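Read left to right, the sequence shown gives residues 480 to 885 (the working numbering).
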Amino acid sequence: MARETSKHQNSGMALVAGGGIGGLTAALCLLQRGWSVHVLEAADALEEVGAGLQLSPNAMHVLDALGLGDAIRAAAFEPEALELRLGRSGQRVFSIPAGPAARKRWGADYLHMHRADLLKVLANAVRANPAAGISLGARVTGYKNTESGPQIMLASGEPLAADLVIGADGIHSTLRTQMLGPDSPRFTGNLAWRVVVPMERLKHPPPPTACVWAGRGRHAVTYRLRGGTLANLVGVIERQDWQGESWTEQGTKQQALADFAGWPLPVTELINQADAHYRWALFDRAPLACWHDGAVALLGDACHPMLPFMAQGAAMGIEDAWVMAREVTQAETVEAGLARYEAIRKPRTSRVQAASRGNMKTFHRKSPLGQLATYGPMWLGGQFLPGVVRAHQDWIYGHNVTATDR
Ligand SMILES: Cc1cc2nc3c(=O)[nH]c(=O)nc-3n(C[C@H](O)[C@H](O)[C@H](O)COP(=O)(O)OP(=O)(O)OC[C@H]3O[C@@H](n4cnc5c(N)ncnc54)[C@H](O)[C@@H]3O)c2cc1C
Numbered sequence: 480m481a482r483e484t485s486k487h488q489n490s491g492m493a494l495v496a497g498g499g500i501g502g503l504t505a506a507l508c509l510l511q512r513g514w515s516v517h518v519l520e521a522a523d524a525l526e527e528v529g530a531g532l533q534l535s536p537n538a539m540h541v542l543d544a545l546g547l548g549d550a551i552r553a554a555a556f557e558p559e560a561l562e563l564r565l566g567r568s569g570q571r572v573f574s575i576p577a578g579p580a581a582r583k584r585w586g587a588d589y590l591h592m593h594r595a596d597l598l599k600v601l602a603n604a605v606r607a608n609p610a611a612g613i614s615l616g617a618r619v620t621g622y623k624n625t626e627s628g629p630q631i632m633l634a635s636g637e638p639l640a641a642d643l644v645i646g647a648d649g650i651h652s653t654l655r656t657q658m659l660g661p662d663s664p665r666f667t668g669n670l671a672w673r674v675v676v677p678m679e680r681l682k683h684p685p686p687p688t689a690c691v692w693a694g695r696g697r698h699a700v701t702y703r704l705r706g707g708t709l710a711n712l713v714g715v716i717e718r719q720d721w722q723g724e725s726w727t728e729q730g731t732k733q734q735a736l737a738d739f740a741g742w743p744l745p746v747t748e749l750i751n752q753a754d755a756h757y758r759w760a761l762f763d764r765a766p767l768a769c770w771h772d773g774a775v776a777l778l779g780d781a782c783h784p785m786l787p788f789m790a791q792g793a794a795m796g797i798e799d800a801w802v803m804a805r806e807v808t809q810a811e812t813v814e815a816g817l818a819r820y821e822a823i824r825k826p827r828t829s830r831v832q833a834a835s836r837g838n839m840k841t842f843h844r845k846s847p848l849g850q851l852a853t854y855g856p857m858w859l860g861g862q863f864l865p866g867v868v869r870a871h872q873d874w875i876y877g878h879n880v881t882a883t884d885r
């Protein structure tokens with residue numbers, strides 16, 4: 480049972496399974512509210528895949544509130560705009576100003592960051608806190624709710640006791656499987672290519688924007704990282720014949736080029752100049768029936784993995800972390816706090832999961848008629864009603880979980 484330190488202020492010991500972006504952010508949010516936290520990570524090192532991440536204002540609100548904004552800005556790249564272009568012709572469909580305009584409209588920065596850089600900022604902040612610990616090579620195998628609080632089991636055999644257990648152990652979450660049964664995430668019929676290239680290698684660099692290039696049954700996203708010294712590409716193609724999910728598995732340059740043959744040079748040159756062409760199949764899940772069991776709760780990809788077509792998976796885990804920490808601290812009991820956490824978060828993450836699936840259709844229109852019907856009105860909107868196009872993003876980027884603190 481968590482200790483009550485003051486009126487509706489729980490704190491105690493939290494165990495977090497998983498040291499990814501979601502788990503480390505959860506640790507920091509709990510630490511800020513007076514909890515002691517131990518992160519249990521199965522891998523032998525805290526590592527992220529060598530690729531970029533879009534950090535939208537809704538995520539930056541939390542990272543700023545954790546005091547990490549300056550460290551993040553120092554390592555990130557700020558795009559000038561968010562754009563949609565046609566994959567083959569390069570024709571711009573619309574462009575929404577970012578930079579100062581994003582700050583003005585959504586209250587925080589819109590940034591691009593190398594995943595390894597973000598993980599480093601988060602891990603350094605956890606390690607700098609005397610109330611925190613991180614164990615590597617610590618594989619969690621399950622949990623138990625006992626009368627004196629939840630316990631976590633490690634592969635090494637020891638049970639660890641806590642007041643709160645968070646399962647931030649990713650799309651194949653062990654804690655989710657125990658909580659809800661052994662069904663698999665669903666294959667979405669998409670494969671993603673990922674490459675990162677030093678900018679100095681590129682004669683036709685991607686624009687200084689977050690640029691989606693939409694095409695038939697495929698799309699690419701280009702953006703810059705690390706102060707503009709690196710260029711990043713995510714290239715997604717619909718195909719059913721490959722379902723590998725290793726973060727380190729590579730395809731060949733020829734395969735990636737064939738998937739984007741005839742596309743504009745900022746896309747194909749990025750593929751051509753990359754040393755490594757990582758690829759993995761994309762999976763998601765339908766919203767889960769339940770996110771918690773007693774004082775054990777799921778967070779991030781463990782409970783709402785989504786297609787990356789809104790660039791919101793990590794952002795949703797970051798938002799979860801803030802709300803979870805606030806609610807478990809302020810509710811009468813940890814269990815009541817977790818119930819509120821689920822009630823607050825599920826409608827939003829379910830909507831983003833659905834919107835991410837919806838963007839697959841929007842970005843991948845296959846027929847010329849479908850393309851005209853989709854991109855024509857968007858182009859007109861961008862030309863004549865830019866405020867309306869911008870307002871379409873407000874529900875996602877303008878959401879500030881730190882502003883609704885009780
Ligand atoms: C192509 C692509 C592009 C994307 N682009 C964006 C983007 O631009 N913006 C964005 O916000 N999101 C993006 N996402 C989504 C984002 O990458 C994920 O949502 C996010 O990384 C999930 O973080 P997480 O911490 O919940 O899970 P993970 O990153 O999967 O971390 C889980 C951690 O738990 C550990 N673990 C697993 N099992 C155990 C166990 N049993 N015991 C202990 N530890 C365990 C793992 O080793 C890992 O470190 C993208 C995703 C893809 C695939």
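Note that CB positions come from ideal geometry on N, CA and C, so glycine has one too. Just so you know, these numbers come straight off a predicted model, no measurement behind them.
Rounded distance between the beta-carbons of residue j and residue i, thought under 8 Å
i: valine 807; j: leucine 643; result: 6 Å
i: proline 687; j: alanine 710; result: So it is not a contact: roughly 10 Å between Cβ atoms.
i: glycine 491; j: leucine 778; result: With 8 Å as the limit, glycine 491 and leucine 778 do not qualify as a contact, their Cβ atoms being about 17 Å apart.
i: alanine 768; j: leucine 597; result: About 31 Å separates the two Cβ atoms, so there is no contact after all.
i: alanine 647; j: alanine 781; result: 6 Å
i: alanine 453; j: leucine 561; result: Here the chain covers residues 480 to 885 and nothing more, so residue 453 does not appear.
i: glycine 649; j: alanine 641; result: Contact doesn't hold; Cβ gap of about 20 Å is too wide.
i: phenylalanine 842; j: valine 713; result: Not a contact, Cβ separation roughly 11 Å.
i: aspartate 523; j: leucine 633; result: With 8 Å as the limit, aspartate 523 and leucine 633 do not qualify as a contact, their Cβ atoms being about 14 Å apart.
i: threonine 504; j: alanine 800; result: 4 Å
i: glycine 497; j: isoleucine 613; result: Contact flag wrong, Cβ pair sits at about 11 Å.
Pick from the options that is closest to residue i, judged by C-alpha positions
i: glutamine 630; options: Ala544, Ile716, Ile613 and Ala493; result: Ala493
i: glutamate 748; options: Ala689, Met789, Lys732 and Leu565; result: Lys732
i: asparagine 663; options: Arg655, Asn669 and Leu670; result: The amino acid occupying residue 663 in the given sequence is serine; asparagine does not appear at that position. Among Arg655, Asn669 and Leu670, the Cα nearest to that of serine 663 is on Arg655.
i: asparagine 537; options: Glu798, Gly660 and Thr701; result: Glu798
i: arginine 705; options: Glu557, Arg844, Pro609 and Arg673; result: Glu557
i: histidine 593; options: Glu527, Gly546, Ala611 and Gln657; result: Glu527
i: alanine 834; options: His871, Tyr820 and Gly866; result: His871
i: glutamate 559; options: Ser652, Arg703 and Leu507; result: Arg703
i: valine 813; options: Asp780, Thr620, Pro787 and His771; result: His771
i: histidine 540; options: Asp588, Ala640, Gly578 and His698; result: Asp588
i: leucine 681; options: Leu659, Pro745 and Val572; result: Pro745
i: glutamine 719; options: Leu519, Thr667 and Ser568; result: Thr667
i: histidine 651; options: Leu639, Arg673 and Thr620; result: Thr620
i: methionine 789; options: Asp754, Pro743, Lys840 and Ile750; result: Lys840
i: glycine 837; options: Trp514, Pro826 and Pro787; result: Pro787
i: alanine 611; options: Val495, Val700, Gly569 and Tyr876; result: Val495
i: glycine 569; options: Ala693, Gly546 and Thr853; result: Ala693
i: valine 775; options: Ile575, Thr625, His878 and Met795; result: Thr625
Cβ shell of residue i (< 8 Å), same chain only, five flanking positions each side left out
i: arginine 665; result: Phe762, Asp763, Arg764 and Ala765
i: isoleucine 823; result: Val802 and Glu806
i: aspartate 873; result: Arg584 and Trp585
i: glutamate 728; result: Tyr757, Arg758 and Trp759
i: isoleucine 875; result: Ser535, Asn537, Met789, Gln791, Val831 and Ala834
Buried versus exposed call for residue i [16 or more other C-beta atoms within 10 Å across all chains shown]
i: arginine 584; result: buried
i: glutamine 533; result: buried
i: threonine 828; result: buried
i: serine 846; result: exposed
i: asparagine 489; result: buried
i: threonine 886; result: The displayed coordinates of the chain run from 480 to 885. Any statement about residue 886 would go beyond what the structure contains.
i: glycine 816; result: buried
Other residues of its chain near residue i: CB distance less than 6 Å, five sequence neighbours each side excluded
i: threonine 623; result: Residue 623 is actually lysine in this sequence, not threonine. For lysine 623, where only same-chain residues beyond five positions count, the Cβ hits under 6 Å are Gln630.
i: tryptophan 509; result: The question names tryptophan, but residue 509 in the sequence shown is leucine. Taken in chain order, the residues that qualify are Ala493, Val516 and Ala804.
i: methionine 678; result: Pro684, Thr708 and Ala710
i: arginine 512; result: Ala804 and Thr808
Residues of its chain near residue i, where Cβ-Cβ distance is below 7 Å and the 5 sequence neighbours each way are ignored
i: glutamine 832; result: Asp763, Pro766, His783 and Met785
i: glycine 529; result: Ala595 and Val675
i: arginine 571; result: Glu562 and Arg564
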